[in-house]
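K.L.:
Sharing a structure here in structure tokens format.
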Amino acid sequence: MISVAWGHRLLLLLPFLLTAVLWGWTALDNRAAGVSRPPGFFARNGWPVGIYLLLAAGVWLVVLVALPQLSMIDMSFRHKLPINQIGGPRDTYTLENYRYFLFGSTTSTSSWNVVHLRAFAMTIISSLLITALNFIICYPIAYYLARIARGAQLRLLLVLLIAPFWVNDILRAFAFRIVFSEKGLINTALLGVGWIAQPIDFIGFNIALFAGLIYAYTLMMVFPLYNALDSVEAAQIEAARDLGAPWWHIHLFIVMPAAKAGIASGCTLVFMLATGALAAPLVLGGPSTLWFTPIVYDRFYQVFNWPQGAAYAFVLLAGCIALVITALRLLRLSLADIAR
Amino acid sequence: MKPAFIRVACAAYVLIFLVYLFLPLAVMTVSAFNTPAYPRALPFERFTLEWFMRLAQDDAMLYGFRNSLWIGMLVVLVAVPIGLAGAVVMQQVHPRLRSLYYVLTVAPILVPGVIIGISTVIFWREISIWAGTRNFYNGVLLTVLGQSSFISAYCMLLFTARLQRFDRALEDAAYDLGATHTQVFLQILLPYLRPAILSAAVLAFLSSFENYNTTTFAILSDQTLTTVLAGQVRQGTTPAVSALAVVIIAVTLLAMLSAELLRHRGLVWSMVRSRIGAVRSAARPAAGTIVGMQQANAVGLYGPRED
Amino acid sequence: MTAEVALEEVTVRFGQFTAVDNVSLRVAPGEFFSFLGPSGCGKTTLLRTISGFIDPSAGRLTIGGRDMRGIGPNRRPTALIFQSLALFPLMTVAENIAYGLRVRGCPKAERLRRAEELLQVVALADQGGKRIDQLSGGQKQRVAIARALAVEPEVLLLDEPLSALDLKLRQHMRNELRAIQRRVGITFIYITHDQGEALTMSDRIGVMRNGRLEQVGTGRELYDTPETAFVASFVGEVNMLTGIVQDAADGMARIETPRGIMLARNPKDLRAGASATLFVRPEALLPRSDHDDPAINRIAVHVIDLAYEGNQTHVMCATACGNRLLSLLGPRDPAAPIPGSAAWLDFAPQDAIVLPSAAA
Chain A
193 MISVAWGHRL LLLLPFLLTA VLWGWTALDN RAAGVSRPPG FFARNGWPVG
243 IYLLLAAGVW LVVLVALPQL SMIDMSFRHK LPINQIGGPR DTYTLENYRY
293 FLFGSTTSTS SWNVVHLRAF AMTIISSLLI TALNFIICYP IAYYLARIAR
343 GAQLRLLLVL LIAPFWVNDI LRAFAFRIVF SEKGLINTAL LGVGWIAQPI
393 DFIGFNIALF AGLIYAYTLM MVFPLYNALD SVEAAQIEAA RDLGAPWWHI
443 HLFIVMPAAK AGIASGCTLV FMLATGALAA PLVLGGPSTL WFTPIVYDRF
493 YQVFNWPQGA AYAFVLLAGC IALVITALRL LRLSLADIAR
Chain B
8 MKPAFIRVAC AAYVLIFLVY LFLPLAVMTV SAFNTPAYPR ALPFERFTLE
58 WFMRLAQDDA MLYGFRNSLW IGMLVVLVAV PIGLAGAVVM QQVHPRLRSL
108 YYVLTVAPIL VPGVIIGIST VIFWREISIW AGTRNFYNGV LLTVLGQSSF
158 ISAYCMLLFT ARLQRFDRAL EDAAYDLGAT HTQVFLQILL PYLRPAILSA
208 AVLAFLSSFE NYNTTTFAIL SDQTLTTVLA GQVRQGTTPA VSALAVVIIA
258 VTLLAMLSAE LLRHRGLVWS MVRSRIGAVR SAARPAAGTI VGMQQANAVG
308 LYGPRED
Chain C
4 MTAEVALEEV TVRFGQFTAV DNVSLRVAPG EFFSFLGPSG CGKTTLLRTI
54 SGFIDPSAGR LTIGGRDMRG IGPNRRPTAL IFQSLALFPL MTVAENIAYG
104 LRVRGCPKAE RLRRAEELLQ VVALADQGGK RIDQLSGGQK QRVAIARALA
154 VEPEVLLLDE PLSALDLKLR QHMRNELRAI QRRVGITFIY ITHDQGEALT
204 MSDRIGVMRN GRLEQVGTGR ELYDTPETAF VASFVGEVNM LTGIVQDAAD
254 GMARIETPRG IMLARNPKDL RAGASATLFV RPEALLPRSD HDDPAINRIA
304 VHVIDLAYEG NQTHVMCATA CGNRLLSLLG PRDPAAPIPG SAAWLDFAPQ
354 DAIVLPSAAA
């Protein structure tokens with residue numbers, strides 16, 4: 193087993209090594225004898241600018257992005273120790289945090305950690321559901337924007353769509369709480385009309401949460417969809433209609449496949465955002481709501497078990513990534529396609 | 008021509024959708040002026056400005072607000088230059104590495120904000136322990152660092168979009184006329200990017216100001232406006248929160264209006280363009296008459312990082 | 004101050020592709036030299052090599068006797084006028100022109116004064132305050148030239164600057180450029196694919212093809228005594244007949260073509276049995292329906308169409324085996340035959356040459 197000290201050294205070196213290797217490889221690629229080479233990085237930018245570029249991009253990717261991630265992954269494999277024991281003999285690599293996530297204890301594997309595992313599964317499934325619902329709700333809007341609305345009407349609609357998102361998402365979640373609360377708008381209206389006898393506990397049943405999450409990510413879904421639908425050739429749709437295809441057929445088999453990348457882009461984004469949601473579950477969640485991300489939060493600031501928190505965070509990240517990559521493979525798309 | 012019924016159905020749907028979008032906000036706005044201590048819109052009892060006054064006296068919120076401002080400005084100073092460098096490097100990176108580079112730079116946007124917050128805190132805690140100093144263990148510093156990781160990516164996308172339409176021949180011409188590389192960068196490239204720099208700065212500030220997920224981890228024992236807000240909302244609250252929302256809406260409406268009136272449409276829409284980060288960049292050519300389309304290659308002006 | 008440009012066996016290779024192949028040339032100081040050739044012949048690459056944006060893979064480049072190896076574009080005594088002109092859109096006309104002086108640390112008042120002087124030279128006085136997008140095509144050209152002249156280069160390099168202009172403007176600008184060059188007296192190196200442009204403006208022309216310099220000479224030399232089949236067909240209009248050389252003597256050769264045996268000049272001293280092409284200019288190939296001087300070559304054709312152009316008439320003909328031939332009648336030549344009729348086209352042996360057939 194590598195000691196943690198060595199693990200750390202490796203960690204620190206890894207990004208630099210990688211960068212050096214990649215740079216060397218590209219330099220070599222350009223170096224064929226008797227051939228005119230494109231100017232090198234510093235030849236092209238000069239030293240002052242070159243150093244600025246390298247430093248800024250380097251610090252960003254290495255210090256702000258890569259190293260923290262690696263560091264988090266590293267911590268997830270370590271014991272929880274008080275500060276004075278870190279670096280000492282008890283600081284070794286271990287799988288105990290992941291064991292805790294799966295089995296509820298760091299040593300035995302007899303029973304499953306039902307609570308957390310269920311929360312994880314529910315979060316993922318709920319996010320998928322939210323993504324799907326979001327897509328269904330937003331598709332007609334995006335379609336309208338892309339193919340029906342024109343000129344001033346289009347611009348007005350865009351502004352109107354964007355407007356609600358000027359408000360902070362916590363405030364928006366709060367607004368939903370007002371609307372869905374026992375004495376809130378919906379209950380008051382339903383009681384007033386006589387459809388129900390007692391106020392419905394929307395919050396307890398997680399309906400408020402779902403509605404809030406779907407609402408929150410509308411924008412993130414509408415715009416990639418809008419972009420994608422915008423680029424579908426009108427000719428294809430016209431041709432299909434000429435041939436007598438019904439409207440639902442046109443959408444399912446002609447428009448959507450053509451807009452595949454945009455749809456995947458929007459859905460990926462919404463899915464990642466939903467699983468990582470923190471504010472909405474905190475504000476709109478009932479007492480029995482178990483969203484995974486607040487559980488992660490608690491590992492840090494309630495239980496103060498950072499390595500465990502890191503492990504949970506990594507599980508969340510890995511789960512999301514795994515799902516997204518699988519979905520992309522199934523749709524035969526690459527990451528670059530949807531991230532464009 | 009599309010069958011009429013589809014158009015009508017779609018239009019009706021859009022209308023209902025807009026109502027659904029605005030209803031919660033309308034409710035909240037009304038509740039800000041309503042007397043009951045628990046925020047509600049109906050029944051409307053009496054008009055009052057009490058909650059606005061409470062808001063102005065709320066020390067915690069004011070403190071959080073000041074912190075948010077301060078962090079926002081720092082993030083602008085960090086993220087804009089980094090984003091610029093990232094975009095320039097993107098143009099120069101070896102073609103075979105470009106996809107990898109792109110994925111690396113866009114990754115911070117896709118990764119859940121909580122993870123970014125967590126990883127930032129862990130990393131700098133480790134560094135603190137190793138260096139034996141507590142200097143790095145500062146909520147404001149960590150928040151700035153954590154937020155910058157993905158806000159730089161937003162800025163980078165914005166700059167990339169603008170750079171793609173830059174005529175390289177201008178740099179060559181300046182160089183040929185005797186300029187040094189530094190002069191070319193400062194005198195030719197930066198002036199061209201000035202609108203993008205402005206947009207990026209506004210974008211960075213707004214993104215930082217209303218971020219919650221990353222901030223709540225990175226801020227440690229300190230507070231920003233969003234964390235104060237979250238705390239208050241969880242604990243049960245007064246319509247002072249609604250009042251805050253109304254203030255924010257009013258301010259942003261004003262800002263949007265003045266930006267439109269000042270004909271800074273380019274500013275507004277280029278901010279809008281990269282807001283979502285992972286959305287199609289402005290590589291799409293602007294379609295003739297439908298200028299609005301290009302502008303609408305976009306997401307909200309203030310479209311927050313939704314987590 | 005101007006300088007000579009000398010290229011010694013300059014080669015530029017990109018990977019497997021050779022863009023410039025062993026070019027050796029000396030451009031005299033103050034000369035207006037053009038590189039002429041079709042797209043892809045390497046002339047742009049060559050220009051960029053001279054200006055310093057590309058390093059040659061082999062060979063030596065000197066300007067004014069100084070070896071330019073390792074010297075970047077910003078330190079060479081050259082100025083390049085780009086095909087797209089590359090005027091700085093965010094600066095005014097005067098600021099554009101003064102840019103070269105600005106980067107050299109020239110104080111503002113001084114450089115704007117100099118800009119105004121140059122505006123006079125290019126006949127754009129008082130336009131200094133305008134923005135670039137307010138200018139017409141021809142005006143932009145002149146600003147580009149003024150901007151380049153501001154840095155007092157020893158050599159001015161021009162990359163097909165007129166290609167984006169319409170015909171009348173192009174012709175006007177040709178004269179302008181020539182006049183400016185004479186006035187300023189520095190070496191101009193100009194690249195173009197338009198042979199009319201090259202012929203009117205240049206002191207000497209270098210014809211390029213596939214990276215190689217096929218021939219260098221004055222316009223007259225290229226036109227009257229082309230050294231390769233490519234040059235003969237590229238510079239000016241020409242009629243071609245392929246065949247095999249029968250015999251050669253005294254600088255003349257007899258070549259057997261599908262249209263009969265022709266006699267022509269043999270500058271390349273081709274031997275019997277060589278595969279060759281016969282070239283004759285349209286103005287030397289004239290329709291005559293009488294006489295039978297055996298020394299005159301003649302071809303039986305069928306007149307297809309006439310193109311009357313005021314000062315000249317093109318007569319388009321075809322032989323029995325489908326060769327297209329072009330005859331050019333000036334105002335003093337006898338009237339053109341009627342389309343549809345048969346005719347004989349005659350040409351003197353002195354007016355035609357045989358050259359080795361162009362490589363594929």
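Chains A, B and C, in that order, are what the protein sequence lines are. Per the working numbering, residue 193 is the first one in the first sequence, and the count goes up by one each step. Per the working numbering, residue 8 is the first one in the second sequence, and the count goes up by one each step. Per the working numbering, residue 4 is the first one in the third sequence, and the count goes up by one each step. Think of the CB as a built atom: it goes at the ideal place given N, C-alpha and C, for glycine as much as any other residue. Keep in mind the model is a prediction, meaning the values are calculated, not measured.
Less than 7 Å between CB atoms is the rule here; does A/Val255 satisfy it with respect to chain E?
P.N.:
In the structure shown, chain E cannot be found, because the protein chains are A, B and C.
K.L.:
Got a sec? Which residues, its chain only, sit under 7 Å from A/Arg236 by beta carbon, not counting five neighbours each side?
P.N.:
Here the set comprises nothing.
K.L.:
Just the C-alpha distance for A/Leu253 and B/Leu111, rounded to the nearest angstrom, thanks.
P.N.:
Going by the C-alpha atoms only, they are around 7 Å apart.
K.L.:
Determine the chain C residues that contact B/Gln190 at a beta-carbon separation under 7 Å, and present them in chain order.
P.N.:
Result: Val106.
K.L.:
Counting only the same chain and skipping the five closest in sequence on each side, list residues whose C-beta sits under 8 Å from that of C/Ser360.
P.N.:
Result list for C/Ser360: Ala232, Thr245, Ser278, Ala279 and Thr280, in chain order.
K.L.:
For the region 116 to 129 of chain B and the region 179 to 192 of chain B, state whether three or more C-beta atom pairs, one from each stretch, are separated by less than 8 Å.
P.N.:
No: fewer than three Cβ pairs fall under 8 Å.
K.L.:
Between C/Pro80 and C/Phe56, is the Cβ-Cβ spacing less than 7 Å?
P.N.:
Not a contact, by the Cβ cut-off of 7 Å.
K.L.:
Could you name the residues that DSSP lists as bridge partners for C/His305?
P.N.:
DSSP lists C/Ala321 and C/Ala345 as partners of C/His305.
K.L.:
Looking at C/Leu160: is its Cβ nearer than 7 Å to the Cβ of C/Leu83?
P.N.:
Cβ atoms of C/Leu160 and C/Leu83: closer than 7 Å.
K.L.:
Tell me the DSSP bridge mates of C/Pro290?
P.N.:
C/Leu348, per the DSSP bridge assignment.
K.L.:
For my contact list, A/Ala561 and A/Asp361 are in at a C-beta cut-off of 8 Å; report their separation, rounded to the angstrom.
P.N.:
The question about residue 561 of chain A has no answer, for chain A in this structure spans 193 to 532.
K.L.:
Would you verify that the beta carbon of C/Ser360 is, or is not, closer than 7 Å to some beta carbon of chain B?
P.N.:
Not one chain B Cβ lies under 7 Å of C/Ser360.
K.L.:
What is the rounded straight-line gap between the Cα of B/Ala203 and the Cα of B/Leu210?
P.N.:
Straight-line Cα distance between these residues: approximately 10 Å.
K.L.:
Determine the extent of the beta strand (DSSP E) in which A/Leu287 is found, giving its start and end residues.
P.N.:
Note, A/Leu287: premise wrong, no beta strand (DSSP E); not H, not E.
K.L.:
DSSP on B/Gly139, reduced to helix/strand/coil?
P.N.:
It is coil, neither helix nor strand.
K.L.:
I want to see whether chain A comes within less than 7 Å of B/Ser75, judged by CB atoms only; does it?
P.N.:
B/Ser75 does not count as touching chain A.
K.L.:
For chain C, check one thing: does any of its Cβ atoms lie closer than 7 Å to the Cβ of B/Thr65?
P.N.:
Residue 65 of chain B is actually Asp in this sequence, not Thr. Closer than 7 Å: no.
K.L.:
Nearest-angstrom Cα distance between B/Arg169 and B/Leu200?
P.N.:
Using only the alpha carbons, I get a separation of about 7 Å.
K.L.:
According to the Cβ coordinates, are B/Pro31 and A/Val371 closer than 7 Å?
P.N.:
Yes, the pair counts as a contact, with Cβ atoms nearer than the cut-off.
K.L.:
So which residues of chain A does C/Pro41 contact, with C-beta pairs closer than 7 Å?
P.N.:
The contacting residues do not exist; C/Pro41 stays about 22 Å from chain A at best.
K.L.:
Would you report the Cα separation of C/Ser344 and C/Asp227, rounded to the nearest angstrom?
P.N.:
The alpha-carbon atoms of C/Ser344 and C/Asp227 are separated by roughly 31 Å.
K.L.:
Ordered along the chain, which non-local residues of its own chain (more than five positions away) have a Cβ less than 8 Å from that of B/Ile256?
P.N.:
The residues are Leu32 and Thr36.
K.L.:
Could you run through the region 86 to 119 of chain C and flag, in chain order, every residue whose CB is less than 7 Å away from some CB of chain B?
P.N.:
Cβ contacts with chain B come from Ser87, Ala89, Phe91, Leu93, Tyr102, Gly103, Val106 and Arg107.
K.L.:
Is there a Cβ from chain A that is less than 7 Å from the Cβ of B/Phe24?
P.N.:
Taking Cβ atoms only, chain A reaches closer than 7 Å to B/Phe24, which makes this a yes.
K.L.:
DSSP three-state call for C/His137: helix, strand or coil?
P.N.:
According to the sequence displayed, residue 137 of chain C carries Gln and not His. Note: C/Gln137 maps to helix in three-state DSSP.
K.L.:
In the DSSP assignment, what residue or residues form a beta bridge with C/Gly263?
P.N.:
The partner list for C/Gly263 (beta bridge, DSSP) reads C/Thr260.
K.L.:
Between the region 68 to 83 of chain C and chain A, which residues of the former have CB atoms less than 9 Å from a CB of the latter, in chain order?
P.N.:
Those would be Gly75, in chain order.
K.L.:
Please confirm whether any heavy atom of the ligand SAM lies closer than 6 Å to the CB of A/Leu325.
P.N.:
With respect to the ligand SAM, the structure shown offers nothing to examine, as it has no ligands at all.
K.L.:
Which stretch, first to last residue, makes up the alpha helix (DSSP H) that contains C/Ala22?
P.N.:
C/Ala22 -> not in any alpha helix (DSSP H); beta strand (DSSP E) instead, spanning Phe20 to Val30.
K.L.:
Reducing DSSP to helix, strand and coil, say where B/Ala294 ends up.
P.N.:
The predicted model places B/Ala294 with a pLDDT of 20, which falls under 50 and marks its position as unreliable, so this point remains unresolved.
K.L.:
Whose C-alpha, out of B/Gly185, B/Ser155, B/Ile136 and B/Asn142, is nearest the C-alpha of B/Leu213?
P.N.:
Considering only alpha carbons, the answer is B/Ser155.
K.L.:
Please work out which residues of its chain come closer than 7 Å, Cβ to Cβ, to B/Thr42, disregarding the five sequence neighbours upstream and downstream, and give them in chain order.
P.N.:
Within the same chain, B/Thr42 has close Cβ partners Glu52, Arg53 and Thr55.
K.L.:
So what's C/Thr231 in DSSP terms, helix, strand or just coil?
P.N.:
Looking at C/Thr231 - three-state DSSP - the assignment turns out to be coil, as it is neither helix nor strand.
K.L.:
Check distances from the C-beta atoms of the region 158 to 182 of chain C to those of chain B and list, in chain order, the residues that come in under 7 Å.
P.N.:
Hits within the stretch: zero.
K.L.:
Run through chain A and tell me which residues come within less than 8 Å of C/Ile57, C-beta to C-beta.
P.N.:
By Cβ distance, chain A contributes Ser228.
K.L.:
For a contact defined as C-beta to C-beta under 8 Å, what are the partners of B/Arg241 on chain A?
P.N.:
What B/Arg241 touches in chain A: Leu474 and Val475.
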